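Report on the following structure.
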Amino acid sequence: MNSPNLPVVSEGSRLTPGELHSVVFARAALGRRGYDEEQVRNFLQYVERELVKIFTDKAALADEVNRLRSQASSGSRGVMAPEDAHFQAVRILSQAQQTADLYVADAERYTRELAHEARLHREAILSDAKGRAEQMLEDAHRKAAAVAEAAVRTAPPQAAPAPRPENLPDADRLALEREIAYLRTYSDVYRTHLRSYLEALLRNVDEWESSERASLPGGNA
Amino acid sequence: MDAQRLKASFAQVAEKGDAVALFFYSDLFVRNPHLRDMFPIGMSGQRDKLLRALGHIVSQVDDLSNLVPFLQQLGRDHRRFGIVAEHYPHVGASLLATLRHFSGTAWTDDLESDWTAAYTLVAKVMLEAADENALTSPAWWNGQVVAVERRRFDISVLRIQPDRPLPYAPGQSVALEVPSRLRHWRYYSMANAPRPDHTVDFHVRLVDGGPVSPVLVRGTQAGDRVRMGAPIGTLTLDESSPRDVLLVAGSTGLAPLKAILEQVSRRAVPPRVHLFFGARSRDGLYDLEDLAKLADGFPWLTVVPAVSDEPGGHGFSSLLQSGDDGIEHGNLSDVVARRGPWDGHDAYVCGPAVMVGHTVEQLTRLGVPRDRIRLETFADAQR
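One line per chain: the protein sequences are F and R, in this order.
Counted from 1, the first sequence has number 99 at position 99 by UniProt numbering; the numbering is strictly sequential.
Counted from 1, the second sequence has number 64 at position 64 by UniProt numbering; the numbering is strictly sequential.
Structure representation (structure tokens):
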């Protein structure tokens, strides 16, 4: 039986692709049938490729094991005990919660301040309106009083107890009638002013309310 | 279970204050992320509540006759948050982890078994009460807003139709949740005695910076949905009393007293009732029109409105107020005291805490026994 020059493999070490590559088979004896040389060669090449792959994979895995070993021995970076990981998670969540609480508290304070200022504005607008209205009223009252006083002064004191326009000289009567007409007009004008002022004020308040409503978030679109 | 040892242990842990509840909730959520959704984004109020409840429970741990009713109420009350039996062990585990964490070296096996026993008892009582309650009552009531009446820029009256009858006594309140402020529950009193159509009215005043009341007052309209918890509260009419009735209401504290007034009006022979309704300014008397109508219809009812911040005054402002219609001026408690004596009356007081405090002080000074004064301060529950 022809033995090929099979690789000499020392005890304990493994067959390498190189060894496989160098194998040379003896020719079959004349007249005897042997394996198809081409097929044998192809098969050996296939085995060689497989071995190369296995060796590469093995080396990569050994590297990975070494990397992980050194990482594990070098302390807390990366891998940690489950309990520590839990505390870490609790700490992170607590910090996140405190941040959220802070934001909520800030937002609440901000809206409180805004609302407070708006209330102050509202009070100011209302009291200003009241003040102006009172002033208008007092003004009108003062003018009316002055006119009445002037009318009395123009009437002669020695005349009848109730001086009537008919008893006055024509010029005085005319003046008085003018004053009365003025007063009537004044009262009309004053009333119109007051009404439009109050209406403007109400519109203001309405606008303010609707814009406030529009600025409210809320799912009632 | 050693009560003294528990109290000492809790006292030591509670020294760390807010950090304890912060750790507890973080631990609970890390272990059970799905539970986070049951709580609001901002948790500071929640942590306060937890610490207060824990403190109360531990302080009463050797007085079961007081503790058990408290826990039963707590268990029933938690149903509306969607809390079910399977949540209790999670809470227990995190509570134990928290106590262990903050006890440091003081933690022993004995202490651990004490706490375990205590929590097991607490959970058992709460769960049993919740389960029993579930036989007769839903976890919450769905409601639909059927009408909103804005009475002032910051006060609205809402009428809500519950999806099933809400059984309550006039004077009681419910926790309310609106969809746009999920997980924020605020207490409001029903402002009417139960009606045949089961609708209930709520008087809501806007609290600056509050998350819920601005939505209710300014952002709610007919058709909107709300959820309501079970009715609670002890500001209810003493039906057995033959005495006349004094009702003192500050601002939207009027709501429960109006409900009581309605209840009284249904009696065959109503007692004499004095209702004092106070606000800072005249436009704060948001329900005066209706009260005046009631007073016209009921000869036994006297309504006295009062304002504290507007002087009687002359000039144009008083002219604008269409004359004097019997509005008293001064602090509500003083106005009530001026109209006394009240020593033959049962008194019911509701409104801002300061106003309620002053009124109770004045009434007891005038000889009304303290146990004939029922009250509710709603300031804390309003936000």
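For each residue, glycine too, the CB sits at the ideal point set by N, CA and C.
Source: prediction; values computed, not measured.
Nearest to R:T98 by C-alpha distance, out of F:Q98, F:F87, F:E64, is F:F87. The alpha-carbon separation between F:Q97 and R:A130 amounts to approximately 30 Å. According to the DSSP secondary-structure assignment, R:M190 is paired through a beta bridge with R:F202. Nearest CB-CB separation between F:A140 and chain R: not below the 7 Å threshold.
Identification of residues in the UniProt domain "FAD-binding FR-type" (138 to 238) of chain R having a C-beta nearer than 7 Å to some C-beta of chain F yields F153, P179, S180, D208, G209, P214, V215, R218, G219, T220, Q221, D224, given in sequence order.
Nearest C-alpha to R:G219 among R:P179, R:R365, R:I327, R:G351: R:P179.
A contact is defined here as three or more CB-CB pairs under 8 Å, and the region 58 to 68 of chain R fails this definition with respect to the region 131 to 141 of chain R.
DSSP places R:P305 in the strand class (E or B) of the three-state scheme.
Counting C-beta pairs closer than 8 Å gives three or more between the region 152 to 163 of chain R and the region 208 to 222 of chain R, which meets the contact rule.
Under the three-state reduction of DSSP, R:P352 is assigned to coil, being neither helix nor strand.
Within the region 78 to 90 of chain F, H86, A89, V90 place their CB atoms closer than 7 Å to a CB of chain R, listed in sequence order. Using a CB distance cut-off of 7 Å, R:V307 does not count as an interface residue toward chain F. In this model, R:V248 and R:T364 are separated by some 14 Å (Cα to Cα).
One thing to note: R:P170 has its Cβ no nearer than 7 Å to the Cβ of R:A191. With contacts defined as CB atoms closer than 7 Å, F:S94 and R:L22 qualify as a contacting pair. DSSP lists R:S173 as the bridge partner or partners of R:I232. For the pair R:A118 and R:L375, the Cα-to-Cα distance works out to about 34 Å. No residue range can be given for R:Q221, since it is assigned to no beta strand (DSSP E) and is classified by DSSP as neither H nor E. From the listed residues R:V157, R:Y168, R:F70, R:Q172, the smallest Cα separation to R:M126 is found for R:F70.
Residues of chain R with a Cβ closer than 8 Å to the Cβ of F:V65 do not exist; the shortest Cβ-Cβ separation is about 32 Å.
In this structure, F:Y190 is the residue among F:A105, F:Y190, F:L183 with its C-alpha nearest to the C-alpha of F:Q135. Per the C-alpha coordinates, the member of R:L6, R:I83, R:R79 positioned closest to R:G55 is R:L6. Three or more Cβ pairs closer than 8 Å define a contact, and the region 300 to 310 of chain R meets that threshold against the region 264 to 283 of chain R. The C-beta of R:I260 has 16 or more other C-beta atoms within 10 Å across all chains shown, which makes the residue buried. Straight-line spacing of the CA atoms in R:R31 and R:T120 works out to 20 Å. Taking every protein chain shown into account, the CB of F:N66 has fewer than 16 other CB atoms within 10 angstroms, so this residue is exposed.
Around the beta carbon of R:A175, 16 or more other beta carbons sit within 10 angstroms, so the residue counts as buried.
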